[in-house]
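K.L.:
Protein chains in written order, with our numbering: chain P, 636 to 748; chain Z, 328 to 435.
#1: Quick check on this structure: which residue in Z/366, Z/396, Z/369 and Z/367 has the alpha carbon closest to the alpha carbon of residue 376 of chain Z?
#2: Any idea which residues DSSP pairs residue 720 of chain P with across the strands?
#3: In the DSSP assignment, the beta strand (DSSP E) including residue 336 of chain Z goes from what residue to what residue?
#4: Could you tell me whether the Cβ of residue 410 of chain Z comes closer than 8 Å to any Cβ of chain P?
#5: Please specify which runs of the beta strand (DSSP E), each continuous and at least 3 residues long, are wholly inside the region 348-432 of chain Z, giving them in chain order.
#6: Between the region 659-692 of chain P and chain Z, which residues of the former have CB atoms less than 9 Å from a CB of the latter, in chain order?
#7: Pick out whichever of Z/392, Z/336, Z/374 and Z/373 has its Cα sitting closest to the Cα of residue 352 of chain Z.
#8: What residue does the beta strand (DSSP E) around residue 682 of chain P start on, and which one ends it?
#9: Which residue from P/656, P/676 and P/722 puts its Cα closest to that of residue 668 of chain P?
#10: So what's residue 664 of chain P in DSSP terms, helix, strand or just coil?
#11: What is the rounded straight-line gap between the Cα of residue 675 of chain P and the Cα of residue 663 of chain P?
#12: Buried or exposed: which applies to residue 394 of chain Z, given that a residue is buried once 16 or more other Cβ atoms fall within 10 Å of its Cβ?
#13: Less than 7 Å separating the Cβ of residue 367 of chain Z from some heavy atom of the ligand PLP?
#14: By Cβ distance below 6 Å, which residues in the same chain neighbour residue 719 of chain P in space, the five residues on each side in sequence not counted?
#15: Applying the 10 Å Cβ sphere with the 16-neighbour rule, what's the burial state of residue 407 of chain Z?
#16: Is the CB of residue 425 of chain Z under 8 Å away from at least one CB in chain P?
#17: From P/721, P/722, P/743 and P/709, pick the residue whose C-alpha is nearest to that of residue 660 of chain P; which is it?
#18: Got a sec: is the Cβ-Cβ distance from residue 358 of chain Z to anything in chain P below 8 Å?
#19: Answer yes or no: does any C-beta atom of chain P fall closer than 8 Å to that of residue 428 of chain Z?
#20: Just the Cα atoms here: how many angstroms apart are residue 385 of chain Z and residue 369 of chain Z?
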């Protein structure tokens, strides 16, 4: 069990560029979550999928952020026209479903300059 | 208001001392999980504890749903325990909310 795999580990983009972050959940886990972590805001919920369907994206900045889960083996978080305030560690987690524990990936550290 | 509150926000101990970290929540609970994070590190699950008491080495987690609280007890602290401890609550609407964390520093 390789755990939740996130790639890339680090990404630097110029302001206005697009960034795509990848997450591979643990095999068999039906729920996938995306969080963002900064020193100022702490851990912020972004969105989650269950059985590949988007369930709750209430934490997603609507205009430039989007997330997909095209198959059960990976999810992507795309940020268009990145801004310096998007700089953060983006964390993906997966679980078997509700009332189950969560396993986090190592995160993608995004720096927008 | 904040659904999950952790206390204390920060704590400094001498090695060997015990620590009691608290997590209080204001919403209905489906599950509670405690995580540990080193600076710059990923979140490591310590306990999945929706109710009752669980032990793991020097760590003990107790969740009392009626009182809307969960605690994490660290006994005989070590310098390697330094880091941030986060509780995460899954509400009955299946949304997971994290507390703001307790930053622990254990001095030699």
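We put the CB at the ideal spot given by N, CA and C, even for glycine.
P.N.:
Here's the rundown:
#1: Z/396
#2: Answer is none; residue 720 of chain P lacks a bridge partner.
#3: In the DSSP assignment, residue 336 of chain Z falls outside any beta strand (DSSP E) and carries neither an H nor an E.
#4: no
#5: 356-364, 370-375, 379-383, 386-391, 396-401, 410-418 and 423-425
#6: 666, 668, 670, 672, 677, 678, 679, 680, 683, 685, 690 and 691
#7: Z/392
#8: Counting along the chain, the unbroken beta strand (DSSP E) around residue 682 of chain P starts and ends at 677-685.
#9: P/656
#10: coil
#11: 34 Å
#12: exposed
#13: By its list of ligands, the structure shown contains no ligand whatsoever, and the ligand PLP lies outside what it can speak to.
#14: 747
#15: exposed
#16: So, interface residue.
#17: P/709
#18: At least one chain P Cβ lies under 8 Å of residue 358 of chain Z.
#19: yes
#20: 21 Å
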